[in-house]
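Residues 26 to 640, numbered by this note's numbering, are exactly what the sequence shown covers, in order. Structure, as structure tokens:
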Amino acid sequence: MSRGALVLGAVIREADLEPVVFISAAGHRYALLVPPPADEQNIEPKSAVSSVDVVRPVSGVERRVVRPLRRLVGLDADQRESSVSILHGDEAESPGLNSTETGQLRSIRRFGAAGAILMAVGALGAGAQPVLQNPVVGVRILSLPSRMATTALTVTMTGTVMVVLAWLLLGRFAVGRLRGGTAPRRLTRSQLDRTLLLWILPLCVAPPMFSRDVYSYLAQSEITARGLDPYEIGPAGALGVDNVLTRTVPNIWRETPAPYGPLFLWMGRGITWLTGENIVAGIFLHRLLAIAGVALIVWALPRLAKRCGVAAVSALWLGAANPLLLFHLVAGIHNEALMIGLMLAGTELALRAIESADPLKKTSLLLLLSGAALIALSSTVKIPSLIALGFVGMALARRWGGSFRAVAAAAALLGAVSIVIIVGVSAVSGLGFGWVHTLGTAGVVRSWMSIPTILGLGTGFVGVLLGLGDHTTAVLSLTRPIAALVAGFIALRMLVAVLKGRLHPVGALGVSLGALVLLFPVVQPWYLLWAVTPLAAWATTRAFRGPAIVFSSIVSVILMPNGSEYLPFQIVQAALMTILTIGILFLLTRSRLPWRGETGPPEPGRPVGEYAGSS
């Protein structure tokens, strides 16, 4: 018997059924076959029908392979994304601070600024000073910290803790209590900008801190300026071991080629052309590049947050005012600032075009292409940011209907833009594509923050204890590729979630970068900003903010400011004195700090969301 449906005692052929698509509140699509209207039905009388079956037969391959794979990657809508989507919730607008809270804000601002100044002063002796051309050597007063290592370390650590505490206190006016939801009153954008600027300024003139990578930047830029290939030869081989720039590069990186993209080294070549082998001037100009990246972050974050229904000051507080950013991108002068800034700015421009009601012509198309170009440029600083282009592409494909053809069209358009930019920069800079082969240079470091690396190290240690030998290298050769596959799978799930409209592109980008960082072979503390910064514009719940705040605070205070190590007794002495000093400061300032509940109504005359008002 042919398949059909029993309707009022008659059989309607399947060919006569009409497909109707229903979309649930959760965004799931359901397709049902329903009979046409009665006056259009071609009814065949049937004396007896024993069953009703409108379900098409499913082959064994489709049931056992195709459908599970579709569910696995998220093509078939289900609830698997709920574990990610619960990180987000829209934030309501809050009124401005009242007069009491405004006074507390001033105290927080000064407290943090005092900490930043202490960091800058202590870094004269405890920072990552150059081996040669140290400008404070032999200078009265300024050279004093360099002759009192433990005291300088104490001053720097005290300043570090003060900035972190000030940031945490400021969070009470930006996001509220973690257990109490949204802040009942929130500081204005202008107030946050003034605070951030005051905290950054002392770090802009301080010696490098927490890392010596800037000296590698200078040496690799000098190699590029001499017309040599920085992707084939390291500082020692290209410049000589006695060169003033090579002497300051950490030993582990003296023989290794550059792991950075051509845009960054091209900029570095320009810096070298201006400064030559003057280390202080080179540091200053590289810090200007980092500050330019931070400025892009400050520009893009509130705009992305608005797209996600998140308060701008909340996103800026967790993303731009984060101590990890202040200490490692500004004070530490890492090129992640430029990478993240270009990536976020490009994402904002592209999403502005995609989410616009206007057709993708002229202005909107220019915005889209400009955003894609900025993302591609960010990848020529460091390659991981290129993943943002995938989420922009999925958002574009969803606008075009979400079909396979739409995905292919979006991939072709954005892929063409990225190829033009990357090939263009590689060719115009004269550096070629050698950087593609040096991306794994940092893998020689075994980082305790990397999940696959710590698993490999732990397994190797257990093997040694059991007398089975040290098989760490062999285990790492397994854990790292497996971790890479897992990170790729998570990114694929996030891409599909954006295509299906279950996640916002900004949130999916942050989750994917978070998975990439945690499963990366090497994880440095500032790598966490790859994920924290975009997630600050989307994730609002305690499940994200709680761990992000705790981890940012702890990592910010446990790293040594010289980018290396101190003797154990120096660390213990400095830590004890820091604790004592912070305790005294707390007793002196606790009446001015916002450990408070409700303190009154909002200040009259200050509208919600005001930007210009400040204190």
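C-beta atoms are modelled at their ideal positions from N, C-alpha and C, and glycine is treated no differently.
Out of the options, which has the shortest C-alpha to C-alpha gap to residue i?
{"i": "G588", "options": "T127, S168 and F235", "result": "F235"}
{"i": "I225", "options": "L326, W324, G152 and L354", "result": "L354"}
{"i": "G201", "options": "E126, A174 and L393", "result": "E126"}
{"i": "W298", "options": "V305, S246, L314 and I322", "result": "S246"}
{"i": "A561", "options": "V521, K525, C333 and G426", "result": "C333"}
{"i": "P550", "options": "Q216, G457, G426 and F576", "result": "F576"}
{"i": "S581", "options": "S119, L393, I111 and M144", "result": "M144"}
{"i": "P233", "options": "T463, G492, G488 and P160", "result": "P160"}
{"i": "Y242", "options": "Y256, A231 and L351", "result": "Y256"}
{"i": "G426", "options": "A573, T614 and I379", "result": "I379"}
{"i": "S578", "options": "A337, W563, N347 and I515", "result": "N347"}
{"i": "V230", "options": "R251, I358, A422 and L290", "result": "I358"}
{"i": "T372", "options": "I412, L341, P593 and F309", "result": "I412"}
{"i": "R251", "options": "K386, T614, V548 and G455", "result": "G455"}
{"i": "V548", "options": "F594, I479, P170 and P572", "result": "I479"}
{"i": "A356", "options": "M173, L228, L592 and I166", "result": "L228"}
{"i": "S124", "options": "L544, I507 and R210", "result": "R210"}
{"i": "P676", "options": "F352, A317, L193 and T300", "result": "This structure gives no information on residue 676, because the portion of the chain shown stretches from 26 to 640."}
{"i": "P275", "options": "L169, Q154 and K525", "result": "Q154"}
{"i": "S502", "options": "F486, A330 and G481", "result": "G481"}
Would you kindly work out how many angstroms separate the C-alpha atoms of residue i and residue j, rounded to a whole number?
{"i": "L122", "j": "L367", "result": "33 Å"}
{"i": "R617", "j": "G147", "result": "26 Å"}
{"i": "W460", "j": "W555", "result": "20 Å"}
{"i": "P260", "j": "A151", "result": "25 Å"}
{"i": "G494", "j": "T220", "result": "54 Å"}
{"i": "L157", "j": "E302", "result": "11 Å"}
{"i": "Y55", "j": "R518", "result": "Because Y55 carries a pLDDT of 42, less than 50, the predicted location of this residue cannot be relied on, and the following value inherits that uncertainty. If you take the alpha carbons of Y55 and R518, they lie about 21 Å apart."}
{"i": "G457", "j": "P287", "result": "8 Å"}
{"i": "A191", "j": "F136", "result": "6 Å"}
{"i": "L601", "j": "P530", "result": "45 Å"}
{"i": "R214", "j": "A540", "result": "31 Å"}
{"i": "S410", "j": "L313", "result": "21 Å"}
{"i": "A568", "j": "I574", "result": "11 Å"}
{"i": "R237", "j": "A509", "result": "28 Å"}
{"i": "V162", "j": "G140", "result": "24 Å"}
{"i": "V335", "j": "A431", "result": "29 Å"}
{"i": "S320", "j": "S443", "result": "The question names Ser, yet the displayed sequence has Ala at residue 320. Each residue's alpha carbon lies about 24 Å from the other."}
{"i": "S339", "j": "V597", "result": "36 Å"}
{"i": "T484", "j": "I583", "result": "26 Å"}
{"i": "D383", "j": "R424", "result": "12 Å"}
{"i": "G535", "j": "E280", "result": "34 Å"}
{"i": "T388", "j": "L421", "result": "16 Å"}
{"i": "A370", "j": "P327", "result": "11 Å"}
{"i": "I37", "j": "V557", "result": "Low local confidence applies: a pLDDT of 41 at I37 is under 50, so the model's placement there is unreliable, with the coordinate-based value given in what follows. Going from the Cα of I37 to the Cα of V557 covers about 57 Å."}
{"i": "T273", "j": "V266", "result": "10 Å"}
{"i": "R294", "j": "L270", "result": "14 Å"}
{"i": "L217", "j": "F198", "result": "10 Å"}
{"i": "M173", "j": "I166", "result": "12 Å"}
{"i": "R570", "j": "T249", "result": "42 Å"}
{"i": "L290", "j": "V186", "result": "34 Å"}
{"i": "I609", "j": "A177", "result": "19 Å"}
{"i": "T497", "j": "F486", "result": "8 Å"}
{"i": "S404", "j": "G415", "result": "13 Å"}
{"i": "G318", "j": "L491", "result": "49 Å"}
Taking 8 Å as the threshold (beta carbon to beta carbon), is residue i in contact with chain D?
{"i": "G196", "result": "Although the question refers to chain D, the structure presented lacks it and comprises just one protein chain."}
- Query: At what residue ranges does the region 464-548 contain a whole run of the alpha helix (DSSP H), taking only runs of 4 or more?
  - Reply: List check, alpha helix (DSSP H) in window: 476-490, 497-524 and 530-543.
- alpha helix (DSSP H) runs wholly inside the region 359-391, at least 4 long, in chain order: 361-379
- Query: If we count Cβ pairs, one from each stretch, closer than 8 Å, do we get three or more for the region 473-484 versus the region 449-463?
  - Reply: no
- Task: Let me know the alpha helix (DSSP H) ranges lying completely inside the region 271-329, each 4 residues or longer, listed in chain order.
- Result: 287-300
- Item | Segments of 4+ residues assigned as alpha helix (DSSP H) that fall wholly inside the region 147-225 | 174-199
- Task: Report yes or no: do the region 387-397 and the region 437-445 share at least 3 C-beta pairs separated by less than 8 Å?
- Result: With a cut-off of 8 Å, the region 437-445 and the region 387-397 count as touching, because enough Cβ pairs lie within range.
- Residue ranges of each alpha helix (DSSP H) run of no fewer than 4 residues wholly in the region 442-467, ordered along the chain? none
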